[in-house]
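Everything below concerns the one structure shown next.
Number of protein chains: 2
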Amino acid sequence: MSKKLDPRVIRTRQLLRDALVELIDEQGYEKITVQDITQRATLNRATFYLHYRDKLDLLYQSSEEILHELVSSIRPPFKEKTDFDLLRSYDQPHREFVYLFDQVAINSKLYKVYLTEKNIPYFATGLKKIIIDFVSSGIHFMEPDDGKLTVPRDMAIRFYAAAFLEVIVWWLENDMPYTSKFMATQLMRITIKGPYIDNPFFK
Amino acid sequence: MSKKLDPRVIRTRQLLRDALVELIDEQGYEKITVQDITQRATLNRATFYLHYRDKLDLLYQSSEEILHELVSSIRPPFKEKTDFDLLRSYDQPHREFVYLFDQVAINSKLYKVYLTEKNIPYFATGLKKIIIDFVSSGIHFMEPDDGKLTVPRDMAIRFYAAAFLEVIVWWLENDMPYTSKFMATQLMRITIKGPYIDNPFFK
DNA sequence: TGTATTATCGACACTGTGTCGTTAATATAA
DNA sequence: TTATATTAACGACACAGTGTCGATAATACA
Chain A
17 MSKKLDPRVI
27 RTRQLLRDAL
37 VELIDEQGYE
47 KITVQDITQR
57 ATLNRATFYL
67 HYRDKLDLLY
77 QSSEEILHEL
87 VSSIRPPFKE
97 KTDFDLLRSY
107 DQPHREFVYL
117 FDQVAINSKL
127 YKVYLTEKNI
137 PYFATGLKKI
147 IIDFVSSGIH
157 FMEPDDGKLT
167 VPRDMAIRFY
177 AAAFLEVIVW
187 WLENDMPYTS
197 KFMATQLMRI
207 TIKGPYIDNP
217 FFK
Chain B
17 MSKKLDPRVI
27 RTRQLLRDAL
37 VELIDEQGYE
47 KITVQDITQR
57 ATLNRATFYL
67 HYRDKLDLLY
77 QSSEEILHEL
87 VSSIRPPFKE
97 KTDFDLLRSY
107 DQPHREFVYL
117 FDQVAINSKL
127 YKVYLTEKNI
137 PYFATGLKKI
147 IIDFVSSGIH
157 FMEPDDGKLT
167 VPRDMAIRFY
177 AAAFLEVIVW
187 WLENDMPYTS
197 KFMATQLMRI
207 TIKGPYIDNP
217 FFK
């Protein structure tokens, strides 16, 4: 399948990818030129085109690689727990949530830049798709019957997926002030219990 | 304050703004050039620079105008309801939520393009800020005591703000299949009751 | 060491940008 | 209606960055 890569190629691509993250952090994605990237990576501009079509292609490939690692680490979700475990776990961190935050922490520099810098194509979209799948399987596992959901299933999935992603961004923006385990617990709490401890609306 | 504008100026700017929305819809924001915009607007390219600094400036000013209208329409939120109203309203649409969806519907073409096309600078960010303020005042009105929230206040605000914004995007992507009133009701339900009707985790 | 692969380098045409100065069109007020 | 100020149109310019060449140098690996 994949032929062995020349070490120089690996080195060159890594230099370009690192340069991209740095430059986005410093100047924002739009302002960056291919010239800037190759200059920062101490490579000739023509070399860039031996590996990537353009600036966007470099971003895509970098993103794909990181997101693929994430998917591998949180799959398969929601397959092993018993109902008993579930009932006890509303205030405990789910294993899969912890893995999610752990994986973000491992590449926190890239995640922070790609998620908090504005106008970065693809990455946030790709991550949101992953989280939508994650939330979808979670809600389906908890409640496969549409009639027992408070709102349409699609709406609920999008609602919580976007909310989870935003909490990840919040965590990164604040330089990860809590542990992955704590964050996973919080997500579980707010999802199951809502925002208020003393909720006057429950029978 | 604001001097009277030449009708030609109003016309020119409107032509440019409309052309921008159309072209983003057709080709995506990044591919568009100032040349494209002025060509679509049947104006000379130099005319563009009499009104806007560059493509981004045109986008910013268009966005600001629309978002300002939105803020005006949902302010002041959460000031008049009594506790009694609140207790009854968990399954009723809040007036402010309805206004929010109504305002989106009025400019649905622009909202849809600016929110669903990827890599549009500023607009989603600006709207998210508005919704964060909205959610923040709502949660504060319902529960000013941090100790009675299930998670840290900042986290909860970001959680629900992102979720609400995503539901708006979902609504637009599906060409507004429900009324504003229905959507507002759904948001209230999922926020207060969570995703599941039969929630086994409540005492 | 020999050979294939990759990187470097300088150069090229091309596209889009931002800004001129000049001329034409048009809104508004006298 | 006419005068005048404002704005638009137009063509031209230097400039940035792009993507691609062909020739040459450096390097990995067998």
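Residue numbers (the numbering used here), protein chains in the order written: chain A, 17 to 219; chain B, 17 to 219.
We put the CB at the ideal spot given by N, CA and C, even for glycine.
Computed from a predicted structure; not experimentally measured.
- Listed in chain order, the positions of the region 132 to 144 of chain B with a beta carbon within less than 7 Å of a beta carbon of chain A are LYS134, ASN135, PRO137, THR141.
- Per the C-alpha coordinates, the member of B/LEU181, B/GLU133, B/ASP214 positioned closest to A/ASP162 is B/ASP214.
- Less than 8 Å divides the Cβ of A/THR166 from the Cβ of B/LYS209.
- Minimum Cα-Cα distance from B/GLU182 among the listed residues B/LEU203, B/ARG27, B/ARG24 corresponds to B/LEU203.
- Contact of A/PRO160 with chain B is not assigned, every C-beta pair being separated by 8 Å or more.
- Taking 7 Å as the Cβ-Cβ cut-off, the region 186 to 202 of chain B approaches chain A at TRP186, GLN202, given in chain order.
- Residue pairing from DSSP places A/TYR212 in a beta bridge opposite B/LEU165.
- When DSSP states are grouped into helix, strand and coil, B/GLU133 belongs to the coil group.
- Here the alpha carbons of A/TYR115 and A/ALA200 stand approximately 9 Å from one another.
- The DSSP-derived three-state label of B/PRO23 is helix.
- For A/GLU42, no CB of chain B lies under 8 Å from its own CB, so it is not counted at the interface with that chain.
- The Cβ atoms of B/ILE184 and B/ILE148 do not sit closer than 8 Å to each other.
- Secondary structure note for B/MET158: its alpha helix (DSSP H) is the uninterrupted segment 139 to 158.
- For B/LYS164, the chain A residues whose C-beta falls within less than 7 Å of its own C-beta are TYR212, ILE213, ASP214, listed in chain order.
- Within chain B, the C-beta atoms nearer than 8 Å to that of A/ILE206 come from THR166, VAL167, MET171, ALA172, PHE175, in chain order.
- Excluding five sequence positions before and after B/SER79, the CB atoms of its chain that fall closer than 8 Å to its own CB belong to TYR130, TYR138, PHE139, GLY142, given in chain order.
- With a cutoff of 8 Å on beta-carbon distance, A/ILE146 and A/LEU72 are scored as not near each other.
- In terms of CA proximity to A/SER153, A/ALA177 leads the group A/PRO211, A/ILE40, A/ALA177.
- Taking 8 Å as the cut-off, the Cβ atoms of B/HIS67 and B/LEU32 count as close.
- Under the three-state reduction of DSSP output, B/THR195 falls in the coil class, being neither helix nor strand.
- Residues of the region 55 to 82 of chain B with a Cβ closer than 9 Å to any Cβ of chain A, in chain order: LEU72.
- The beta carbons of A/LEU126 and A/LEU75 sit about 11 Å from each other, so the pair does not count as a contact at 8 Å.
- Taken atom to atom, the span from the alpha-carbon of B/GLN77 to that of A/VAL50 is near 29 Å.
- When CB distances to chain A are screened at a threshold of 9 Å, not a single residue of the region 117 to 129 of chain B falls below it.
- B/ALA57 carries a coil assignment under DSSP once its states are collapsed to helix, strand and coil.
- Of the residues assessed, B/SER196 falls on the buried side of the cut-off, its CB having 16 or more other CB atoms within 10 angstroms.
- Comparing alpha carbon positions, the residue from A/LEU59, A/THR54, A/PHE113 closest to A/VAL151 is A/PHE113.
- For B/LYS47, no CB of chain A lies under 8 Å from its own CB, so it is not counted at the interface with that chain.
- Taking a Cβ-Cβ threshold of 9 Å, none of the residues of chain B is close to A/LEU39; the smallest such distance is about 17 Å.
- Taking the C-beta atoms as reference points, A/ARG56 is found nearer than 8 Å to A/GLU38.
- Shown here, A/HIS110 sits in coil according to DSSP, grouped into three states, outside any helix or strand.
- The C-alpha of A/LEU21 lies about 29 Å from the C-alpha of A/LYS128.
- A Cβ of chain A is located within less than 8 Å of the beta carbon of B/ILE155.
- Considering only B/MET192, B/GLU42, B/PHE198, the residue with the shortest C-alpha distance to B/SER124 is B/MET192.
- Per DSSP, reduced to three states, the secondary structure at B/ARG69 is coil, with no helix or strand assignment.
- The alpha carbon of B/ASP70 has as its nearest neighbour, out of B/GLU46, B/ILE90, B/LEU86, B/GLU85, the alpha carbon of B/GLU46.
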